[in-house]
Amino acid sequence: MSKGTRRFETIVTMSMAVVALLAALVVWRAAVVNSDAHTFDRKVLIDTIRARRAYLEDLDLVYQEARYAIHYETGQVRIQELASAASSWKRQGKTVLGALAETEAYWYSLAAEGVKAMSPMAGSAEYRRQDGSLDLEKRLKEIQAENPDLRDLAPEDSARNADRLYRQSRLLLLATIPLAFSLVGLTAAQVLDRRGRYLFFALGIAVFLTSAVYLALVELAGLFI
Amino acid sequence: MTQETAAEEKTKSRFGKWVAVLMAVIALWGGTVGFLAADASTRESQATRDSEALAIELMATLGETGARTSHDIQLMADWIALGQQGIVDQAVALALQGTACDELIQRYILDTQVREKQAQSLVPDCLLLSDPRYAHSLEKMDFDMLRYTTDQMQPVLALLERQNAAADQAEHWGGRSNAYTSALTLVGVALFFLGLCLVLERGPRFLFLGLGLLIALADVGWTLVILFS
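In order, the protein sequence lines correspond to chains A and B. Residue -18 is where the first sequence starts when you use the working numbering, and the numbers rise one by one after that. Residue 78 is where the second sequence starts when you use the working numbering, and the numbers rise one by one after that.
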């Protein structure tokens, strides 16, 4: 075996080692990126549970307050009717009936104050829509604003990040195919005796370099996207 | 004798070199199958996550729908109760007509009016009573409860459909991932047989070469079937 051939084979062997090392690094990097994606996946589930649980708690509170507000409203209707009847009866000289209605209205109004304290929506025109219904969405937003951390949880962002990392991992792993192809070329260069070995060597190195550029681009894209 | 040995050594060396190239090609195929397996596994992870997140969303939406319908149904029950009490008060007032209990009659009439107004005040806050799609006539108590329930359940059913689709996807990709992993194992077996044929003597080496190639070809076929199924 000539000195030139030996040197060539050494270069091919070294090249194969470098390609194999890069392939191992790519697999390791893809595993790391995949693991990061799994972390985001867990965050998606945790954030979804927390966000939805918080939302349901807030919604329950809104409906409780709505019940009190409606109870207050029906109480006010009764008080107004009693007060109006009381003054009417008094004018007509039906003093006993008038006094009874007045007393009833008084005690109901005291009870209504207690109910009013249970809900900010009770007796407040601020929470009434034009059609007379309670603006529950407005109250819900106010309650949610008290816990901005829970309100602003965005599982969709985590899902997007996880998908991005999965994509990056997939693109990294894709490079193992040309790297394996490069190894095939270099192996052929190692075992062939004739001039074809140089062609296979050149092919193996070209594929390896293209793969390296591709990997650098994938990593750069991962940094900026 | 020496020439024969040298010729045999040369043949063996050439055979070994070609088997090495063959092994490298099969390893390249193994890399491709490995990539497909990893890709399928990743897609399974994504679909599983989506399916689980949607299941949580589904439960929460059920809770939300439950809270809303329970609110509406409670208000409707209150509305009906007030209406019934008003009718009773009116009936008592009518029964007392002609007696000397004029003040009592007036009181019952007042109660009838109070309950009627209270019932009216409930209407705007109850979808079942205020929406003409569900409340055809309050006087006749003609309500379309079925439509109300169907409409309320619509978001839940839509989410259920999405959740089922995501779960199906997860199962699909999980099955593919498992199949590719099995195909990858076959690549390993093929490489093992080719490796054996490098160290064995003339006879069995061709048997293992043939076996290795056969398994590799079968693996290619199987992987293509998985890929296009």
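Don't be surprised by glycine CBs; every beta carbon is placed ideally from N, CA and C.
| Asked | Found |
| --- | --- |
| C-alpha gap between B:A132 and B:G140, whole angstroms | 12 Å |
| Where B:S306 falls: helix, strand or coil (DSSP) | coil |
| Three-way DSSP call (helix, strand, coil) for A:R109 in this model | strand |
| Per-residue contacts from B:P201 into chain A (C-beta, under 7 Å) | D112, G113 and S114 |
| A:P101: contacting residues in chain B (beta-carbon distance under 8 Å) | Chain B residues near A:P101: none, gap ~16 Å exceeds 8 Å. |
| Under 8 Å (Cβ pairs) to chain B, residues found in the segment 37 to 69 of chain A | L37, L40, D41, Y44, A47, R48, I51, E54, T55, V58, R59, E62, L63 and A66 |
| is_contact[A:S150, chain B] using C-beta, thresh 8 Å | yes |
| Contacts that B:V264 makes with chain D (C-beta to C-beta distance below 7 Å) | The structure shown has no chain D; the protein chains it does contain are A and B. |
| Chain B contact for A:K75 (CB, 8 Å cutoff) | yes |
| Beta strand (DSSP E) runs wholly inside the segment 119 to 158 of chain B, at least 3 long, in chain order | none |
| Proximity below 8 Å, CB of A:V0 to CB of A:L167 | yes |
| At least 3 beta-carbon pairs within less than 8 Å: the segment 158 to 176 of chain A vs the segment 120 to 130 of chain B | no |
| Meets three-Cβ-pair contact criterion under 8 Å: the segment 99 to 113 of chain A and the segment 48 to 62 of chain A | yes |
| Sub-8 Å separation of B:D155 and B:L205 beta-carbons | no |
| CB contact below 8 Å: B:E180 versus chain A | yes |
| Whether A:L40 touches A:L146 by CB criterion (8 Å) | no |
| Residue nearest to B:D188 in terms of C-alpha spacing, selected from A:Q111, A:T76 and A:E62 | A:E62 |
| Under 7 Å by beta carbon: chain A residues contacting B:G140 | L37 |
| Residues sharing a beta bridge with B:D219, DSSP | B:S214 |
| Cβ contact (3+ pairs, closer than 8 Å) linking the segment 169 to 180 of chain B and the segment 29 to 38 of chain A | no |
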